[in-house]
Every structure is written in structure tokens, then in C-alpha cells.
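79 is the number of the first residue of the sequence shown in the UniProt record's numbering; add one for each residue after it. Accompanying notes for the structure given below.
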Amino acid sequence: MVRTQVGALTQELKEKEVLIRGRAHTIRPVGKNMAFLVVRKKGFTVQCLAATQSMGVSRQMVKFVAGLNRESIVDVIGVVSVPGNPIKGTTQQAGEQLPRVNQDTRLNFRVIDIRTPANQGIFRIQSQVGNIFRQFLLSEDFVEIHTPKLIAGSSEGGSAVFKLDYKGQPACLAQSPQLHKQMSICGDFDRVFEIGAVYRAEDSYTHRHLCEFTGLDVEMEIEKHYSEVMDIVDRLFVTMFDSLNERCEMELEAVARQYPFEPLKYKPNTLRLTFEEGVQMLKDAGVEVDPLGDLNTEAERKLGQLVLEKYGTEFYILHRYPLAVRPFYTMPCYDDSLYSNSFDVFIRGEEIISGAQRIHVPAFLAERAQACGIDVNTISTYIDSFRYGAPPHGGFGVGLERVVMLFCGLGNIRKTSLFPRDPQRIAP
Ligand code: ATP
Ligand code: AMO
């Protein structure tokens with residue numbers, strides 16, 4: 079007898095006795111002497127038969143099979159036969175229509191929900207995104223770091239911060255590893271990255287905001303220009319999309335069977351537009367936006383459409399944002415301080431990355447923090463780090479769940495978070 083996997087049942091095993099383990103996917107008794115059992119594992123299914131007359135299985139065993147609960151874990155010993163005969167079966171990809179259940183119910187019973195082929199696909203793709211991110215950066219001489227998630231002050235400013243009591247001292251859950259990834263650059267790690275939890279006390283319920291998500295963060299020394307950071311984004315993401323299409327063919331198919339989507343359109347060299355060019359494209363299309371303000375969700379989507387029509391890509395970088403809409407640590411443009419050395423990156427018209435060159439001069443950093451309404455006392459150790467000498471540097475932050483959501487054209491970030499945390503949900 080050979081122990082094997084449901085997905086590995088091939089012609090070569092015909093007539094061999096095998097042992098498989100999986101879940102009871104469906105159970106169908108036929109009278110008292112026969113029962114069909116479909117066993118599922120990793121998205122594959124095989125039909126098993128227990129019969130008294132043709133196979134000599136005991137009546138008790140047939141009764142036991144017929145009485146199994148769906149989703150039970152079963153070990154089955156049997157002889158493999160090939161399809162073509164109604165009582166025989168081999169492995170097939172599971173693909174039946176799933177019952178329609180609303181998202182809240184699915185999330186309440188997430189452990190069962192994530193067993194579906196589409197969800198298995200989503201989280202295997204997510205695992206690959208993290209792997210490719212890490213492999214690519216390690217091969218480019220980046221060092222993986224782990225920064226604290228309990229910090230003294232807010233790292234991004236604004237109100238979206240979870241406050242807590244840290245043994246009598248006020249503290250926050252880190253809104254990003256921003257301050258510590260920069261401090262690691264001050265500590266002479268020339269290039270760093272982190273994959274870690276990020277907390278945002280978002281108060282509205284949207285399709286793309288979570289209160290806890292996984293941040294993929296990068297920080298690096300810059301030689302001359304912030305375009306060096308955009309070069310890394312470009313090569314990293316083109317490598318990532320190529321690798322996902324190559325390594326995750328089956329997973330992408332499983333997702334598309336339940337949530338149909340078109341493969342992402344991207345170019346070998348990522349398109350870069352300035353914010354001013356983007357505003358002009360919107361204006362030409364009759365959409366008025368504040369040239370020194372931020373783009374709202376609707377304008378971002380519209381620009382995504384215009385870029386697709388004009389340049390044939392759904393992945394692009396928009397850079398030189400107005401300074402006023404960027405965080406305090408962002409370096410203004412040397413030639414025009416109304417703009418900044420910063421960028422956002424979009425997939426299918428939605429933001430997946432923010433990045434920038436940072437201010438590395440301590441007095442100027444403190445001045446900008448104050449101007450942006452940040453209590454400088456809460457970030458004094460961060461500002462002090464620059465007093466001991468800091469090189470020009472920049473970096474970016476990516477939302478893992480957003481990458482998977484937008485690569486697969488899914489309309490809701492809860493689908494790409496294993497156990498999502500949003501303003502209304504902290505369980506399971
Ligand atoms: P990040 O805040 O990390 O940069 P983001 O996608 O939230 O990512 P923002 O620049 O903050 O980007 O916001 C862009 C637009 O998204 C805003 O103009 C607003 O329309 C919308 N938005 C942002 N945050 C929220 C929120 N918590 N609730 C509802 N809408 C939001
Ligand atoms: P930002 O605040 O834009 O930048 O965040 C970076 C990326 O994180 C993702 N993201 C989110 N994903 C899910 N739910 C949320 N509530 C949420 N908020 C943000 C997005 C976004 O592009 N420190 C900077 C990055 C940097 O400059 O290095 C920062 O945190 O994909």
C-alpha cells in the first residue's frame with residue numbers, strides 16, 4: 079500500500095492499493111449496500127466507492143461512510159481505477175458552483191471559507207508575493223529587519239492611530255515602520271526591508287482599508303536622485319508579476335473561476351508620469367482636480383482608465399506629488415518646494431505603494447514635523463538619529479493585501495486578508 083496525495087493519483091497508480099487523507103467533500107449513499115464519497119485535498123477531488131457486493135466492504139463500513147459529516151477528515155484505503163466507469167474515479171480539480179453566502183457570514187466562518195479553491199489560491203498567491211519580495215531584495219543586497227510595533231508616537235501623523243497605555247506611558251501601535259527603517263539607515267545598514275504588521279485606526283468602512291494589514295517596506299541610501307528608489311519598484315514589481323504568472327498558474331485559474339478577472343496589463347519598463355502630467359490628462363478629459371491637492375479615489379480610478387487607454391498599462395508610477403499632501407518626512411523638490419520627491423504606484427487605478435526621498439537634515443525635519451502638527455517631543459529620538467550624520471535616502475511602503483486584491487482584480491480587501499481586521503471586525 080502506498081500513502082499518496084489526492085492530487086497525485088495518476089494512471090501509473092492504476093490497480094495499486096493506496097492510502098489517501100482528505101476532507102469528505104460530498105457523501106452519496108445508494109441504498110444500503112453502496113456509498114459514494116468524494117474526498118478533497120488542496121483543491122483536488124477524487125471519488126471513492128464503498129460497496130458490499132462488488133468489493134466485499136462490510137455493511138457497517140458502508141453505513142459509516144454514508145453517515146459521515148461533510149468536511150470530516152478521512153483516511154481512505156482503496157484500489158485506484160481510472161474514470162470511464164461510473165463506479166470508478168481519479169483526481170479532478172474541484173470546481174463546482176459554491177453556495178452564495180454573504181461576505182459577513184463567510185468571514186464569521188472563515189476557517190471553513192478559506193478551504194474553497196479560490197481562497198486557497200488567493201493565500202498561496204499572497205505567500206508568493208511575500209517570497210518574491212524577500213528573494214528579490216536579498217539578491218539586491220538589502221538586509222531584512224524587524225522594527226518595534228509598540229512605539230511612543232504616531233509615525234505617519236493624522237488621527238488613524240491606535241493609542242494604548244505602555245506601563246503608564248502613552249504609546250501607539252506603529253502605523254508603519256517608517257521611523258525605525260530610516261533610523262536603520264542612520265545606523266549604516268545601507269539598504270533594508272521589512273515584512274510586518276501595520277496598524278491604522280481607520281474609522282470608515284471602505285473596500286480597501288483595513289485596521290491591520292501587512293506592510294512590505296523598503297528603505298535605501300540614495301546616490302543622486304529619488305528615481306533610484308523608483309528603479310527598485312520597477313524591477314521588483316515587474317519580476318513579481320512575471321513570477322506570479324509563471325509560478326501561480328493553477329492558483330490564478332482557481333481564483334478566476336470564482337471571481338473572473340483579466341490578467342494584469344503591465345510593461346517591461348514601468349511607466350512614470352509626473353503628478354502635473356496626470357492632472358493635465360484628467361483636465362483634458364474634463365475632470366477638474368486641485369493641482370496642489372491629493373487625488374480622490376474617483377480621480378485616481380479615472381486616471382487609471384486614461385493611462386490604460388493612452389499607454390496600454392494598468393501598472394504605473396505617479397511622482398512629484400504636491401508637498402502639502404505628503405507626510406512630514408518627505409523631501410521637497412529641490413527646484414520647486416511646492417512639489418516633493420515622492421511617488422505613488424497604482425494597479426488598475428488604485429494605490430498600492432507610497433514612497434519618497436526623506437529629509438535627512440535634522441533641523442529641517444523638526445521644522446516640517448511641527449508645520450504638519452506633529453508633537454516633536456514624541457519623535458525626538460528619531461530626529462536625533464539624523465544629528466549623528468545621515469546619508470540621503472528614500473524608500474517605499476506596499477500593502478500586501480492590496481497587491482493581491484488588485485493583481486487578481488478583486489473588489490474587496492477582506493478577500494485577501496486571512497482574518498481581516500476592519501472598523502467593525504476583530505474576530506475570528
Ligand atoms: P494611504 O493613506 O496609505 O496613503 P490611501 O489609499 O488611504 O493610502 P490616501 O492618500 O490616504 O490613500 O487617500 C486617498 C483617497 O482615499 C482619499 O482622498 C479618500 O477619498 C480615500 N480615503 C482614504 N482613507 C479613507 C478612509 N479611511 N475612509 C474613506 N476613504 C478614505
Ligand atoms: P502609506 O500610508 O501610503 O505610506 O501606506 C503604504 C501602503 O500601505 C497600504 N495601506 C493600506 N492597506 C490596507 N489598509 C489600510 N488601511 C492601508 N493604509 C495603507 C497601501 C499604501 O500604499 N511610510 C509610508 C511609506 C513610505 O513612504 O515608505 C506609508 O506608510 O498599499
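Where a beta carbon is used, it is the ideal one built from N, C-alpha and C, also for glycine.
Buried or exposed (CB count within 10 angstroms, at least 16 for buried), Arg302:
As a working note, residue 302 is residue 224 in the sequence shown. Here residue 302 turns out to be Lys, not Arg, going by the sequence shown. Looking at its Cβ environment, which holds fewer than 16 other Cβ atoms inside 10 Å, Lys302 is exposed.
For the alpha helix (DSSP H) containing Gln336, name the first residue and the last one.
Working through the sequence shown from its first residue, we reach residue 336 at position 258. Here the alpha helix (DSSP H) through Gln336 covers Glu327 to Gln336.
So what's Lys343 in DSSP terms, helix, strand or just coil?
Stepping through the sequence shown from its first residue, residue 343 is reached at position 265. Note: Lys343 maps to coil in three-state DSSP.
Suppose you measure from the CA of Thr169 to the CA of Gln125; what does that come to, to the nearest Å?
Indexing the sequence shown from 1 puts residue 169 at position 91. Indexing the sequence shown from 1 puts residue 125 at position 47. Unreliable placement is indicated for Thr169, whose pLDDT of 49 sits below 50; the coordinate value is still reported in the next sentence. Cα to Cα, the separation comes out at about 8 Å.
Looking at the structure shown, is Gln83 part of a helix, part of a strand, or coil, going by DSSP?
The sequence position of residue 83 within the sequence shown is 5, counting from 1. The answer is coil: DSSP assigns Gln83 none of H, G, I, E or B.
Do Phe497 and Arg286 have their CB atoms nearer than 8 Å?
Translated into the one-based positions of the sequence shown, residue 497 becomes position 419. Translated into the one-based positions of the sequence shown, residue 286 becomes position 208. Going by beta carbons, Phe497 and Arg286 fall outside the 8 Å limit.
Grab me the residues of Asn197's own chain with a C-beta within less than 7 Å of its C-beta, minus the 5 sequence neighbours each way, in chain order.
Counting from one through the sequence shown, the residue named residue 197 turns up at place 119. Closer than 7 Å at the Cβ level, and outside the excluded window around Asn197, lie Asp191.
Using CA coordinates, which residue listed in Asp414, Thr408 and His471 is at the minimum distance from Glu445?
Residue numbering aside, residue 445 sits at position 367 when the sequence shown is read from its first letter. Closest option to Glu445, Cα to Cα, is Thr408.
Please report the straight-line C-alpha distance between Val439 and Phe464, rounded to a whole angstrom.
Translated into positions along the sequence shown, residue 439 becomes position 361. Translated into positions along the sequence shown, residue 464 becomes position 386. Rounded to the nearest whole angstrom, the CA to CA distance from Val439 to Phe464 is 7 Å.
What's the C-alpha gap between Gly173 and Phe142?
The residue labelled residue 173 in the question sits at position 95 within the sequence shown. The residue labelled residue 142 in the question sits at position 64 within the sequence shown. Low per-residue confidence applies at Gly173: pLDDT is 49, beneath 50, and the placement is therefore not dependable, though the value from the model is reported in the following sentence. Going by the C-alpha atoms only, they are around 27 Å apart.
Span separating the alpha-carbon of Phe201 from that of Val481
Mapped onto the sequence shown, residue 201 falls at position 123. Mapped onto the sequence shown, residue 481 falls at position 403. Distance between the alpha carbons of Phe201 and Val481 is about 12 Å.
Using three-state DSSP, classify Pro107 as helix, strand or coil.
Along the sequence shown, read from residue 1 onward, the residue named residue 107 stands at position 29. Assignment of Pro107 by DSSP, reduced to helix, strand and coil, places it in the strand class.
Cβ of Ile105 within 8 Å of Cβ of Leu115?
If you number the sequence shown from 1, residue 105 lands on position 27. If you number the sequence shown from 1, residue 115 lands on position 37. At the C-beta level, Ile105 and Leu115 come within 8 Å of one another.
Is it the case that the Cβ atoms of Leu257 and Tyr460 are separated by a distance below 8 Å?
Translated into the one-based positions of the sequence shown, residue 257 becomes position 179. Translated into the one-based positions of the sequence shown, residue 460 becomes position 382. The answer is yes: Cβ separation under 8 Å.
Heavy atom of the ligand AMO within 7 Å of Phe211 beta-carbon:
Your numbering for residue 211 matches position 133 in the sequence shown. No, the ligand AMO has no heavy atom inside 7 Å of this Cβ.
Could you check the C-alpha separation between Gly489 and Glu479 for me, to the nearest Å?
Position 411 of the sequence shown, counted from the start, is the residue given in the question as residue 489. Position 401 of the sequence shown, counted from the start, is the residue given in the question as residue 479. Straight-line Cα distance between these residues: approximately 12 Å.
Given a threshold of 16 other Cβ atoms within 10 Å of its Cβ, counted over all protein chains shown, does Thr123 qualify as buried or as exposed?
Here residue 123 is taken as the residue at index 45 of the sequence shown, counted from 1. Looking at its Cβ environment, which holds 16 or more other Cβ atoms inside 10 Å, Thr123 is buried.
Please list, in chain order, all residues of the same chain as residue 39 whose beta carbon is under 7 Å from its beta carbon, the five residues on each side excluded.
Limits of the chain in this structure are 79 at one end and 506 at the other, which puts residue 39 out of reach.
Following a CB-centred definition, is Ile437 positioned closer than 7 Å to any heavy atom of the ligand AMO?
Position 359 of the sequence shown, counting from 1, holds the residue named residue 437. Ile437 has its Cβ no nearer than 7 Å to any heavy atom of the ligand AMO.
At a cut-off of 7 Å, is Ile155 close to the ligand AMO when judged by its beta-carbon and the heavy atoms of the ligand?
As a working mapping, residue 155 is identified with position 77 in the sequence shown. Every heavy atom of the ligand AMO is 7 Å or more from the Cβ of Ile155, so no.
Taking the continuous alpha helix (DSSP H) assigned at Arg137, which residues delimit it?
Here residue 137 corresponds to residue number 59 of the sequence shown, with the count starting at 1. Segment Arg137 to Ala144, the alpha helix (DSSP H) holding Arg137.
So the candidates are Asn186, Asp453, Asp372 and Met359; which of them puts its Cα closest to the Cα of Arg492?
For the purposes of this step, residue 492 is identified with residue 414 of the sequence shown, where counting begins at 1. Among Asn186, Asp453, Asp372 and Met359, the Cα nearest to that of Arg492 belongs to Asn186.
Alpha carbon to alpha carbon, how far is Ser321 from Asn209? Give it in angstroms, no decimals.
By 1-based counting over the sequence shown, the position of residue 209 is 131. By 1-based counting over the sequence shown, the position of residue 321 is 243. Rounded to the nearest angstrom, the two C-alpha atoms are 10 Å apart.
Per DSSP, the bridge partner or partners of Pro248:
Mapped onto the sequence shown, residue 248 falls at position 170. According to DSSP, residue pairing for Pro248 in a beta bridge involves Asp243.
Quick test of your reading: Gly293 and Gly477, contact by CB under 8 Å. State the CB separation rounded to the nearest angstrom.
The sequence position of residue 293 within the sequence shown is 215, counting from 1. The sequence position of residue 477 within the sequence shown is 399, counting from 1. Taking a contact as a CB-CB distance under 8 Å, the pair Gly293 and Gly477 counts as one, their CB atoms being some 7 Å apart.
Going by other Cβ atoms of all chains shown within 10 Å of its Cβ, with 16 needed for buried, is Ser150 buried or exposed?
Along the sequence shown, one-based indexing puts residue 150 at 72. With fewer than 16 other beta carbons inside 10 angstroms of its own, Ser150 counts as exposed.
Below 7 Å CB to CB, which residues in the same chain sit around Val367 once its five sequence neighbours on both sides are set aside?
For the purposes of this step, residue 367 is identified with residue 289 of the sequence shown, where counting begins at 1. If you ignore the 5 residues before and after Val367, its C-beta comes within less than 7 Å of the C-beta of Val357, Leu360, Leu373 and Ala377, all in its own chain and listed in chain order.
Apart from the five residues on each side of it in sequence, which residues of its chain come closer than 8 Å, Cβ to Cβ, to Pro226?
Residue 226 sits at position 148 when you count from the first residue of the sequence shown. For Pro226, where only same-chain residues beyond five positions count, the Cβ hits under 8 Å are Ala252 and His258.
For the alpha helix (DSSP H) that Ser432 lies in, which residues bound it at each end?
For this step, residue 432 is matched to residue 354 along the sequence shown. Unbroken run through Ser432 is the beta strand (DSSP E), Glu428 to Gln435; no alpha helix (DSSP H).
Closest Cβ-Cβ distance between Thr375 and chain C: below 8 Å?
Absence of chain C from the displayed structure is noted, only one protein chain being present.
Give the DSSP-derived three-state secondary structure of Tyr417 in the structure shown.
Position 339 of the sequence shown, counted from the start, is the residue given in the question as residue 417. Three-state DSSP puts Tyr417 in a strand.
What separation, rounded to the nearest whole angstrom, lies between the Cα atoms of Arg99 and Phe220?
By one-based count along the sequence shown, residue 99 stands at place 21. By one-based count along the sequence shown, residue 220 stands at place 142. Distance between the alpha carbons of Arg99 and Phe220 is about 42 Å.
Can you look up Gly167 in the DSSP assignment and give me helix, strand or coil?
If you number the sequence shown from 1, residue 167 lands on position 89. Confidence at Gly167 is low in this model, with a pLDDT of 39, below 50, so the placement of that residue is unreliable and no value is reported for it.
How is the beta strand (DSSP E) around Thr88 delimited, first residue to last?
Locating residue 88 in the sequence shown gives position 10, where the first residue counts as 1. Neither: Thr88 is in no beta strand (DSSP E) and is coded neither H nor E.
Element boundaries [alpha helix (DSSP H), containing Cys264]
Here the question's residue 264 lines up with position 186 in the sequence shown. Looking at the DSSP string, the run of the alpha helix (DSSP H) that includes Cys264 is Gln256 to Cys264.
Taking Cβ to Cβ, would you say Ala441 is nearer than 8 Å to Ser418?
By 1-based counting over the sequence shown, the position of residue 441 is 363. By 1-based counting over the sequence shown, the position of residue 418 is 340. No, these two residues do not count as a Cβ contact at 8 Å.
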